[in-house]
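See structure below.
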């Protein structure tokens, strides 16, 4: 709202009072107002005089009108009865029953549940609070009693509907937000079911308690509370706060020194509130809730660095929480109180040199070792941090070598994922991973290490190709690079949606068991390898290499595997060519140049094998045909490009010169 | 203005500088004849009368007959009513009616050798801007400002006077009737400055139909011979066709319907004409546009293509190959330029740096009001000649260092001007002057600055038309000359004798040249045919015969232009090579000549260059401006 001019203004006659908020009927673009409790007015934007607008006098007092985007307006009477506007306008004088007795409505809200409007309101009678859920179209009514709370009473309500369940949030006078779940699909006719509530959030800011006056729900993890903070010796400061309910943190706050009316509205990612004498509009944006965001550590989204992603599934580990807590930093601008379940003190007193420490831990029990190493890594970045981590990894690997049963898979993965390691820092890591057949770790290493020797790259490739599909399905692998283009038939639709929502490969191995792997022989268009193998091979395609060093190794690739790999490269190539920009969708998916280079390399290395092998014949001929077609196509493009460039050149020439001597070759 | 020949064979056109041009429809709209302008002559109106005689009248108040074989304004007669705004010939072509500034309409009788004043018709106040004869010659409609009237020719009385600005809100402005047509059924069609085309029943003085075709003035109007189609031109550059169509399919009742809008011009459409098969329009943007009517065309092809004539169909630039000079001919002056040069070489498409910039050597202004007919510079660059309607001038050009001096050659032999074409021989020894009645004069050029008449070549059978194209052979042995009757005569210059005539071909010759090594005459006709004629053997060459039997490649043949060919890979290029070296990199070309074996000079004339020199068109609201 840049200039606060009214677009329209209507007023009731002197002596009349508007008794409930005016709403807009989104379907007819009409405004609906109630004055003097009973008189309904309906008018359009172009109507100038409210007095001449449509008028209907009702037989009972109206509490509020709720307008729903696809459901039309619903009228809630003070007696608790609910009517849709359509029904009401058919017979304005119809009798309105009294649903509540001696109770006063405190709050009401309306939602759409499928095609049906649902109206919820809370009432108060003495110290008791009741919740009513009404579906006016089905004439169903449910009454619930709210669980009593000692020494506190609800101040403000808000609600939202998800999955047939109403979530009612109540702001209590003890500065806590409670959550009440009300199932909609309930046919029990029990009288006055008592609803239990659960504590969602304590509104405390560094010891001070925010006295909230109103709250709104922003998304599933965020709420906004308007309230005041007590200030010693001064007037309480009013402020608008956004809270993360998942991590129990205060996300941000804004002081409102001029005071507010205590009311807060929120539409389409904007807050509306009365600040002093003006209506203030504040835009907001809720990032996807993440721990990093909650502790104020979210990296700049401009540089999406994979290392900033945290695997939430490991959050169960106490230790990780500790490591995070130890990181809990000064950078946290908004002083937040984290309700962490563990509050172990940080081991900052450790000052031993790394070498000594490692030496000391050489024979320590496994869990001690890991704990100490974590502590070591959690230290603030120092110039030799990389080297320190290298030492840590080396220490771990040494132990692996010594005791064959020991292999800290998750810990290693975590280190590789979150730290900027390189091959040379921990030369044995990949060898041990190969030995242990830790495909996921190899994948991560291939994607991240800039300096993998060609020998190891080849070993990985060979390992990936030789691995059976069935076995791969049981392994946790990041499928991001392949999931977007490999055509996989899912039996279970649910699985698919979940994958998309998560956005990263979080322990999908169990879900992927249902995946049908199309056999290479089935159709030409289908992917010759499974999703997991494709993702692993993509990691190989991504790794850096020098042709001359890789070629000798590639010559040793068994013929069957070479053909399978070539088939997969061909498949990628065809997939790439489907798009105008010749890129594959997805994160870290191979580029056309990588595909081409590997294809050339493979054909070079396996030339004699390819010529000899009968099963390669068809593949090679198809590949040749396709490449030829592409060459033809691009030569056509060349022509167009040449003409266009010529045009541009001519245009350029014309601009300046009225006389020129040009070379014109006549062919 | 434009005037279509009644039988639709030719179109006469007058430009604001007084030049008159004749286009031949049969010869592919070839610009057959050009009578250069004259400062004092303005031609507001042109009409064909008494067969093929062309008359023009203008604001000078004179009626001029144009000599189409001698390409000059022949006889004039005073109209006697001040500036003449319009002139029309009656259906038989025996009488001319002129509308004058003083409001009079006068009738002239076309007689052999001239015109004769016959009588005045009823004179009313207000200049007569447009006139139209009834096809039966009984009445004349005359348009003025705010009204038009219909005059009975026999009695000379005005029988109806119709005001046009009644019931119009804009009545405070005057309504100029820019064009009028009287149809055989008694309908008067008027086009006015309010943008209306109106159909009146003049006898009852009622308005039958009114079409507002434009927000600005409708300036010109022409009716087809069958009176079922009208073309109008407006001051926004748009032209519209109105057609008389049945209200219901197969029904009897017909109405005029505005059918096709065209926007070919950027400025006022000052004149329109309606040939049986095409809409023709000419405007202030100097363009003549011929838009063939698709429904009148048998098949799609070149005949049906839209034509825009921007450049004259004759040579305005001549080139001194050896001296590397270009002579540009403007209407009243000549400009001599020396071409720039370079010492570099380069690859295809490169622009080479100039070591010497092109240099404007001299501007030569023609004295007197007459415009220049033709001009030429000799290959060695030392001689320069031009001709106007009454004078022929020869100059000696001397370049000494940076300075250039021109000296007029004294005592140029007196011959009957004008010269229609000048051509120097390849050794710059002789000058050939194309002249009237098919004759070519040969001058011997003498050092240090003189000339004498050597011989006059004439076709043995005689000819009434002027010679308009000349082509001498490089060895100085032969001369080919084309006259207005399209006959090509070849003369032997060694013995000044007529050698032979190229077999008659019924189309205008647009260009011809003699091959320097074979002495074969190559002729291009305006119907896009190419012939090669062997002068020594006096017959078409076998190549020419083969070409005629096979025909030139038509539209369906794929001929790749040079830039496309250059894009192709070597093997494909070899397959696609052909004899026609098409180069599309240039803007519209005014002139092209070979300087030497490896050097080609082309003169571009971008349309935008002269569009920018025109006055601003009527303001039109365009989206986004």
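Chains as they are written, first to last, in UniProt numbering: chain A, 1 to 667; chain B, 1 to 625.
For each residue, glycine too, the CB sits at the ideal point set by N, CA and C.
With a threshold of 16 other CB atoms inside 10 Å of the CB of residue 227 of chain A, please say whether the residue is buried or exposed.
Your numbering for residue 227 of chain A matches position 227 in the first chain. Answer is buried; the Cβ neighbour count reaches 16.
| In whole angstroms, what separates the C-alpha of residue 602 of chain B from that of residue 145 of chain B? | As a first step, residue 602 of chain B is located in the second chain; it is residue number 602 there, counting from the start. As a first step, residue 145 of chain B is located in the second chain; it is residue number 145 there, counting from the start. Answer to the nearest angstrom: the Cα atoms are 49 Å apart.
- Using a beta-carbon distance below 8 Å, is residue 650 of chain A in contact with chain B? Walking along the first chain from the start, residue 650 of chain A turns up at place 650. It does; some Cβ of chain B falls within 8 Å.
TODO: Select from the region 621-646 of chain A all residues with a C-beta closer than 8 Å to any C-beta belonging to chain D, and list them in chain order.
DONE: The structure shown has no chain D; the protein chains it does contain are A and B.
### Query
Between residue 203 of chain A and residue 217 of chain A, which are expected to be in contact by the criterion C-beta below 8 Å, what is the C-beta distance as a whole number of angstroms?
Here residue 203 of chain A corresponds to residue number 203 of the first chain, with the count starting at 1. Here residue 217 of chain A corresponds to residue number 217 of the first chain, with the count starting at 1. Going by Cβ atoms, the distance from residue 203 of chain A to residue 217 of chain A rounds to 15 Å, so no, they are not a contact pair.
Q) Shortest alpha-carbon distance to residue 273 of chain B belongs to which of B:267, B:175, B:371 and B:14? A) The residue labelled residue 273 of chain B in the question sits at position 273 within the second chain. The residue with the shortest Cα to Cα distance from residue 273 of chain B is B:14.
Notebook entry, point to check: Can you tell which of A:173, A:229, A:219 and A:277 has its C-alpha closest to the C-alpha of residue 270 of chain A?
Noted result: One-based indexing of the first chain puts residue 270 of chain A at position 270. For residue 270 of chain A, the nearest C-alpha among the options comes from A:219.
Margin query: Can you find the residues in the same chain that come closer than 8 Å, C-beta to C-beta, to residue 501 of chain B, ignoring five residues on each side of it along the sequence?
Written below: On the second chain, position 501 is the one that residue 501 of chain B refers to. Taken in chain order, the residues that qualify are 459, 487, 488, 489 and 490.
### Message
Less than 7 Å between C-beta atoms, sequence neighbours within five positions excluded: which residues of the same chain meet that for residue 561 of chain B?
### Response
Within the second chain, the letter at position 561 stands for residue 561 of chain B. Contacts found: 582, 583 and 584.
Open item on the list: Below 8 Å, how does it come out for the region 610-624 of chain A and the region 563-577 of chain A: are there three or more Cβ pairs, yes or no?
Closed with: Verdict: yes, contact present.
* Is residue 44 of chain B helix, strand or coil by DSSP? -> As a working mapping, residue 44 of chain B is identified with position 44 in the second chain. For residue 44 of chain B, the secondary structure class from DSSP, reduced to helix, strand or coil, is coil.
Next item on the list: Can you tell me which of the three DSSP states residue 348 of chain B falls into?
Entry: The residue labelled residue 348 of chain B in the question sits at position 348 within the second chain. Coil at residue 348 of chain B, not helix or strand.
Which value, in whole angstroms, describes the spacing of the CA atoms of residue 583 of chain A and residue 637 of chain A? For the purposes of this step, residue 583 of chain A is identified with residue 583 of the first chain, where counting begins at 1. For the purposes of this step, residue 637 of chain A is identified with residue 637 of the first chain, where counting begins at 1. A straight-line Cα-Cα distance of about 18 Å links residue 583 of chain A and residue 637 of chain A.
| query | Given that residue 348 of chain B touches chain A, what residues does it touch there, using C-beta distances under 8 Å? | reply | Translated into positions along the second chain, residue 348 of chain B becomes position 348. Listed along chain A are 663, 664 and 665, each with a C-beta nearer than 8 Å to that of residue 348 of chain B.
Check: Which runs of the beta strand (DSSP E), 3 residues or longer, sit entirely within the region 63-125 of chain A?
Finding: Runs found: 72-77, 82-84, 104-113 and 116-125.
Note to self: Threshold first: 3 residues or longer. Then list the beta strand (DSSP E) segments lying entirely within the region 23-64 of chain A, N to C.
What the structure shows: Given a length threshold of 3 residues, each whole run of the beta strand (DSSP E) inside the region 23-64 of chain A is given here in chain order: 30-35, 39-44 and 54-57.
Return the CA-CA distance between residue 321 of chain B and residue 428 of chain B, expressed in angstroms with no decimal places. Counting from one through the second chain, the residue named residue 321 of chain B turns up at place 321. Counting from one through the second chain, the residue named residue 428 of chain B turns up at place 428. Whole-angstrom Cα-Cα distance: 11 Å.
**Message:** Tell me which residues share the same chain as residue 335 of chain A and place their Cβ nearer than 6 Å to its Cβ, disregarding the 5 neighbours each side in the sequence.
**Reply:** Start at 1 with the first residue of the first chain, and residue 335 of chain A comes out as number 335. Note that residue 335 of chain A has pLDDT 35, beneath the 50 cutoff, so the model's placement of it is unreliable and the number below is only indicative. Closer than 6 Å at the Cβ level, and outside the excluded window around residue 335 of chain A, lie 206.
Query raised in the report: Taking the continuous beta strand (DSSP E) assigned at residue 560 of chain A, which residues delimit it?
Result: Translated into positions along the first chain, residue 560 of chain A becomes position 560. Per DSSP, residue 560 of chain A is not a residue of any beta strand (DSSP E); the alpha helix (DSSP H) it occupies stretches across 559-578.
Find the nearest neighbour of residue 392 of chain B within the set B:406, B:398, B:600 and B:411, judged by alpha-carbon distance.
Start at 1 with the first residue of the second chain, and residue 392 of chain B comes out as number 392. Closest in C-alpha terms to residue 392 of chain B, from the list B:406, B:398, B:600 and B:411, comes B:411.
Original post:
So does residue 2 of chain B have its beta carbon nearer than 7 Å to some heavy atom of the ligand HEM?
Top reply: You won't find the ligand HEM in this model; it holds no ligand whatsoever.
According to DSSP, is residue 614 of chain A helix, strand or coil?
Indexing the first chain from 1 puts residue 614 of chain A at position 614. DSSP places residue 614 of chain A in helix when its eight states are reduced to three.
message = What does DSSP give as the partner residue(s) for residue 283 of chain A in the beta ladder?
response = Sequence index remark: in the first chain, residue 283 of chain A carries index 283 (1-based). Answer is A:270, bridged to residue 283 of chain A.
(message) For residue 213 of chain A and residue 155 of chain A, which I take to be in contact (beta-carbon distance under 8 Å), what is that distance rounded to the nearest angstrom?
(response) Start at 1 with the first residue of the first chain, and residue 213 of chain A comes out as number 213. Start at 1 with the first residue of the first chain, and residue 155 of chain A comes out as number 155. Taking C-beta atoms under 8 Å as the contact rule, residue 213 of chain A and residue 155 of chain A qualify, at a distance of about 7 Å.
With a threshold of 8 Å between beta-carbons, can residue 385 of chain B be considered close to chain A, or not? On the second chain, position 385 is the one that residue 385 of chain B refers to. For residue 385 of chain B, the answer is no, since every Cβ of chain A falls outside 8 Å of its Cβ.
Starting from residue 358 of chain B, find everything on chain A with Cβ-Cβ shorter than 9 Å and list it in chain order.
Residue 358 of chain B sits at position 358 when you count from the first residue of the second chain. Residues of chain A passing the Cβ test: 658 and 659.
Please state if the CB of residue 29 of chain B and the CB of residue 290 of chain B are separated by a distance shorter than 8 Å.
Looking up residue 290 of chain B in the second chain gives position 290. Looking up residue 29 of chain B in the second chain gives position 29. In contact: residue 290 of chain B and residue 29 of chain B (Cβ atoms closer than 8 Å).
Using the C-alpha atoms, what's the distance from residue 168 of chain A back to residue 159 of chain A?
As a first step, residue 159 of chain A must be located in the first chain, where it is residue number 159. As a first step, residue 168 of chain A must be located in the first chain, where it is residue number 168. For residue 159 of chain A and residue 168 of chain A, the distance between alpha carbons rounds to 4 Å.
Check your understanding: Assuming residue 235 of chain B contacts residue 217 of chain B under a Cβ cut-off of 8 Å, what Cβ separation, rounded to an integer in Å, is found between them?
Key -> Position 235 of the second chain, counted from the start, is the residue given in the question as residue 235 of chain B. Position 217 of the second chain, counted from the start, is the residue given in the question as residue 217 of chain B. Right, the Cβ-Cβ distance comes to about 5 Å (below 8 Å), so this counts as a contact.
- In the DSSP assignment, find the beta strand (DSSP E) that holds residue 132 of chain A and state where it starts and stops. For the purposes of this step, residue 132 of chain A is taken as the residue at position 132 of the first chain. In the DSSP annotation of this structure, the continuous segment of the beta strand (DSSP E) that includes residue 132 of chain A starts and ends at 128-135.
Reference residue 238 of chain B; option with closest CA among B:396, B:223 and B:280: Locating residue 238 of chain B in the second chain gives position 238, counting from the first residue. Checking every option, the nearest Cα to that of residue 238 of chain B belongs to B:280.
8 Å Cβ cut-off: residues of chain A touching residue 567 of chain B: Your numbering for residue 567 of chain B matches position 567 in the second chain. Identification of chain A residues near residue 567 of chain B by a Cβ-Cβ cut-off of 8 Å yields 638, 639, 642 and 643, ordered along the chain.
Start-to-end residues for the alpha helix (DSSP H) that takes in residue 315 of chain B
Counting from one through the second chain, the residue named residue 315 of chain B turns up at place 315. Secondary structure note for residue 315 of chain B: it is in no alpha helix (DSSP H), with a DSSP letter that is neither H nor E.
message = Against chain A, which members of the region 561-595 of chain B pass a CB distance test of less than 8 Å?
response = Cβ proximity to chain A below 8 Å picks out 562, 563, 564, 565, 566, 567, 568, 569, 573, 577, 581, 583, 585 and 587 from the region 561-595 of chain B.
Exercise. State buried or exposed for residue 73 of chain A, treating a residue as buried only when at least 16 other CB atoms are found within 10 Å of its CB.
Key: One-based indexing of the first chain puts residue 73 of chain A at position 73. With 16 or more neighbouring CB atoms inside 10 Å of its own CB, residue 73 of chain A falls in the buried class.
Fill in: Neighbour-count burial assignment, residue 197 of chain A, 16 or more Cβ in a 10 Å radius
Position 197 of the first chain, counted from the first residue, corresponds to residue 197 of chain A. Buried: at least 16 other Cβ atoms inside 10 Å.
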